[in-house]
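**Q** Questions regarding the structure given below will be posed in turn.
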Amino acid sequence: MFDYELMSGAMKSDTRRIALGLRQGDAAVLEALVEQYQYRLVRYLIYLLGSRGAVEDLVQEIWLRVLERGSSYDGQSRFEPWLFRIARNIAVDAVRKRRMFSFDSNDDDNVRPAAASDEPSPFTLAARTEDADRLARSLETLEPAYREALVLRFQEDLSLQEISAIVGAPVSTVASRIYKGLATLRPHFQGESA
Amino acid sequence: MNIDHHENFRHTIDESLAGGVSADREQSLREHLDTCARCQEYLIASKRVIAGLRGFSFEVDPTLNARVLSSLRRRAQPGRRRWALISVAGVVLTIGGSFVDLRFGDLIASVFDVPRLQLRQGLLAFWIVPSLAVLLLFPLLPLLSKAGSRREERTQ
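Residue numbers (our numbering), protein chains in the order written: chain Y, -18 to 175; chain U, 2 to 157.
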């Protein structure tokens, strides 16, 4: 498999320590994980949902699930894909309950209309520069599956195989989502590079 | 060079950024980029998109961590309650066994026509001692389990 062979010795011992801590419900390990991954979970959920309305509730639910299912993490592979898979399952369930929209991308149509709302999106709120503002507006209209692939690849630095395991789609589909996501966002930056 | 040729290299740029391109094709791409301004522009625009994505920073409620940790601690409580219930059950069973022996020992011995001493030994062996063992050993089990795990961690 892709993960275990590639992990360095230090990383292996980290993942083992995490697995052991989760098996025992070790409070110190859980606290350290919350500290380390909280922001990354929030960011992932914002990209996935395109809003931050329910993000904090979902984050709480995700950590409770980590506590309950901690023994299923074996420490043989990186912790992030395991955590993000849990996060995705919970977010998808929550979205299905609210019937907001589907995460299953229709690869022929990479852009969906922006939700009608007067509130600025979390991307617009986070934009600090003119470039970022343009990017934010494009992200708002990008399908969640593409935003998800982009954040996992370029912000979490996960491999295509790891992303594939999280989203439950073939590696080729994940790669295609990344290409299409980039293709949608790139025109704003083309023809003006210094 | 024809358009298809550039399209192929642009696809290779996408593959390279996504992390799914072989070393040979990466090398071939680098050589092409040295001579092709349009593909260079494509790569620069792609990198600006990625830099833009990495530049987003979202604000997080500073109390979120504390709230999450508090709900985790609350959820972890049932484990402690379970240990407490088992300990209470051990105390009740131990006292109950002793009470039955003292209060109803003679009656039971006469009803079942067994010697009093034999009845007492039976109660001790199958009721009082196991209850006492539960009472004394169960609180130690989490500590023994932690010590075992630490030993396992050291051997790894």
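Every residue, glycine too, gets a C-beta built ideally from N, C-alpha and C.
For Ala75/Y, which of Ser58/Y, Leu39/Y and Tyr54/Y has the nearest alpha-carbon?
**A** Here residue 75/Y refers to the residue found at position 94 of the first sequence. Closest by alpha carbon: Leu39/Y.
**Q** I want to know whether the region 161 to 170 of chain Y touches the region 33 to 53 of chain U - three or more CB-CB distances under 8 Å.
**A** Yes, since at least three Cβ pairs between the region 161 to 170 of chain Y and the region 33 to 53 of chain U fall closer than 8 Å, the two stretches touch.
**Q** Smallest Cα separation from Gly91/U: which of Arg117/U, Ile129/U, Ala110/U and Ile109/U?
**A** Taking the first residue of the second sequence as 1, we reach residue 91/U at position 90. The option with the nearest alpha carbon to Gly91/U is Ile129/U.
**Q** Is it the case that the Cβ atoms of Val141/Y and Pro62/Y are separated by a distance below 8 Å?
**A** In the first sequence, counting from the first residue as 1, residue 141/Y sits at position 160. In the first sequence, counting from the first residue as 1, residue 62/Y sits at position 81. According to the sequence as given, residue 141/Y is Leu; it is not Val. No; because the gap between Cβ atoms is not below 8 Å, this pair is not in contact.
**Q** Give me the Cβ distance between Glu27/U and Ser17/U, rounded to the nearest whole Å; I'm assuming they're in contact under 8 Å.
**A** For the purposes of this step, residue 27/U is identified with residue 26 of the second sequence, where counting begins at 1. For the purposes of this step, residue 17/U is identified with residue 16 of the second sequence, where counting begins at 1. The pair is a contact, with the Cβ atoms about 6 Å apart (cut-off 8 Å).
**Q** Run through chain Y and tell me which residues come within less than 8 Å of Asn66/U, C-beta to C-beta.
**A** For the purposes of this step, residue 66/U is taken as residue 65 along the second sequence, with counting starting at 1. Under the 8 Å cutoff, chain Y gives Val15, Glu16 and Gln19.
**Q** Leu116/Y and Thr165/Y: beta carbons closer than 8 Å?
**A** Walking along the first sequence from the start, residue 116/Y turns up at place 135. Walking along the first sequence from the start, residue 165/Y turns up at place 184. Contact flag unset, no.
**Q** Roughly how many angstroms separate the alpha carbons of Gln41/U and Val22/U, rounded to a whole number?
**A** The sequence position of residue 41/U within the second sequence is 40, counting from 1. The sequence position of residue 22/U within the second sequence is 21, counting from 1. If I take the Cα positions, the gap works out to 18 Å.
**Q** Which residues mark the beginning and the end of the alpha helix (DSSP H) in which Gly21/U is found?
**A** Sequence index remark: in the second sequence, residue 21/U carries index 20 (1-based). Gly21/U -> no alpha helix (DSSP H), and no H or E assigned at all.
**Q** By the three-class DSSP mapping on this structure, what secondary structure does Val123/Y have?
**A** As a working note, residue 123/Y is residue 142 in the first sequence. The amino acid at residue 123/Y is misidentified as Val; the sequence shows Leu. Strand, per DSSP.
**Q** Are at least three pairs of beta-carbons, each pair with one atom in the region 24 to 43 of chain Y and one in the region 54 to 65 of chain U, less than 8 Å apart?
**A** Yes: at least three Cβ pairs fall under 8 Å.
**Q** Compare the Cα-Cα distances from Ala108/Y to each of Glu32/U, Phe57/U and Cys37/U and report the closest residue.
**A** The residue given as residue 108/Y occupies position 127 in the first sequence. Nearest of Glu32/U, Phe57/U and Cys37/U to Ala108/Y, Cα basis: Phe57/U.
**Q** Tell me where the alpha helix (DSSP H) around Gln41/U begins and ends.
**A** For this step, residue 41/U is matched to residue 40 along the second sequence. Run containing Gln41/U: Ala38 to Gly56, per the alpha helix (DSSP H) assignment.
**Q** Threshold first: 4 residues or longer. Then list the alpha helix (DSSP H) segments lying entirely within the region 67 to 107 of chain U, N to C.
**A** As far as the region 67 to 107 of chain U is concerned, it has no whole alpha helix (DSSP H) run of at least 4 residues.
**Q** At the 8 Å Cβ level, is Ile51/U part of the contact set with chain Y, yes or no?
**A** By 1-based counting over the second sequence, the position of residue 51/U is 50. Answer yes: the Cβ-Cβ gap between Ile51/U and chain Y drops below 8 Å somewhere.
**Q** Report the neighbours of Ser145/Y on chain U: residues whose CB is nearer than 7 Å to its CB, in chain order.
**A** Along the first sequence, one-based indexing puts residue 145/Y at 164. Chain U residues near Ser145/Y: none, gap ~11 Å exceeds 7 Å.
**Q** Below 8 Å on the Cβ atoms is my guess for Arg128/Y versus Ile144/Y; work out the distance and round it to an integer in Å.
**A** Reading the first sequence from its first residue, position 147 is the one you call residue 128/Y. Reading the first sequence from its first residue, position 163 is the one you call residue 144/Y. That pair is no contact at about 13 Å.
**Q** Just the chain Y side, please: which residues come within less than 9 Å of Ser23/U by C-beta, in chain order?
**A** One-based indexing of the second sequence puts residue 23/U at position 22. Chain Y residues near Ser23/U: none, gap ~13 Å exceeds 9 Å.
**Q** Provide the residue span of the alpha helix (DSSP H) that contains Leu133/U, from first to last.
**A** Your numbering for residue 133/U matches position 132 in the second sequence. Per DSSP, Leu133/U belongs to the alpha helix (DSSP H) from Val130 to Leu138.
**Q** Within the same chain, show all residues whose beta-carbon is closer than 7 Å to that of Arg11/U, passing over the 5 residues directly before and after it, in chain order.
**A** To locate residue 11/U, count along the second sequence from 1; it is residue 10. Taken in chain order, the residues that qualify are Cys40 and Tyr43.
**Q** For the alpha helix (DSSP H) containing Phe104/Y, name the first residue and the last one.
**A** The sequence position of residue 104/Y within the first sequence is 123, counting from 1. Unbroken alpha helix (DSSP H) run through Phe104/Y: Pro103 to Ala107.
**Q** At which residues does the alpha helix (DSSP H) containing Glu49/Y begin and terminate?
**A** As a position in the first sequence, residue 49/Y is number 68, starting the count at 1. Run containing Glu49/Y: Val36 to Arg50, per the alpha helix (DSSP H) assignment.
**Q** Measure the alpha-carbon distance for Ala97/Y versus Gly34/Y and round it to whole angstroms.
**A** By one-based count along the first sequence, residue 97/Y stands at place 116. By one-based count along the first sequence, residue 34/Y stands at place 53. Below a pLDDT of 50, predicted positions are generally treated as unreliable, and Ala97/Y, at 49, falls in that range; no measurement from the model is reported.
**Q** Since I believe Gly53/U is in contact with Asp112/Y (beta carbons under 8 Å), could you give me their beta-carbon distance rounded to a whole number of angstroms?
**A** In the first sequence, counting from the first residue as 1, residue 112/Y sits at position 131. In the second sequence, counting from the first residue as 1, residue 53/U sits at position 52. Confirmed, Cβ separation roughly 6 Å.
**Q** What three-state label does DSSP hand Gln142/Y in the structure shown?
**A** For the purposes of this step, residue 142/Y is taken as the residue at position 161 of the first sequence. In the structure shown, Gln142/Y sits in a helix (DSSP, three-state: H, G or I).
**Q** Using 8 Å as the limit for Cβ to Cβ distance, is Val63/Y near chain U?
**A** Within the first sequence, the letter at position 82 stands for residue 63/Y. Note that residue 63/Y is Trp in the sequence shown, not Val. Cβ-Cβ to chain U under 8 Å: no for Trp63/Y.
**Q** Taking the alpha-carbon positions, what's the Ala95/Y to Glu121/Y distance?
**A** What you label residue 95/Y is simply residue 114 of the first sequence in a count that begins at 1. What you label residue 121/Y is simply residue 140 of the first sequence in a count that begins at 1. Its pLDDT being 43, under 50, Ala95/Y is placed unreliably by the model, and the measurement read from it follows with that caveat. For Ala95/Y and Glu121/Y, the distance between alpha carbons rounds to 6 Å.
**Q** Lys264/Y: buried (16+ other C-beta within 10 angstroms of its C-beta) or exposed?
**A** Not covered by the structure: residue 264/Y. The range shown for chain Y is -18 to 175.
**Q** Tell me where the alpha helix (DSSP H) around Glu16/Y begins and ends.
**A** Within the first sequence, numbered from 1, the residue matching residue 16/Y stands at position 35. Ala8 to Leu30 is the extent of the alpha helix (DSSP H) around Glu16/Y.
**Q** For Asp112/Y and chain U, any beta-carbon pair shorter than 8 Å?
**A** Taking the first sequence and counting its residues from 1, the one referred to as residue 112/Y is at position 131. Closer than 8 Å to some Cβ of chain U, the Cβ of Asp112/Y qualifies, so yes.
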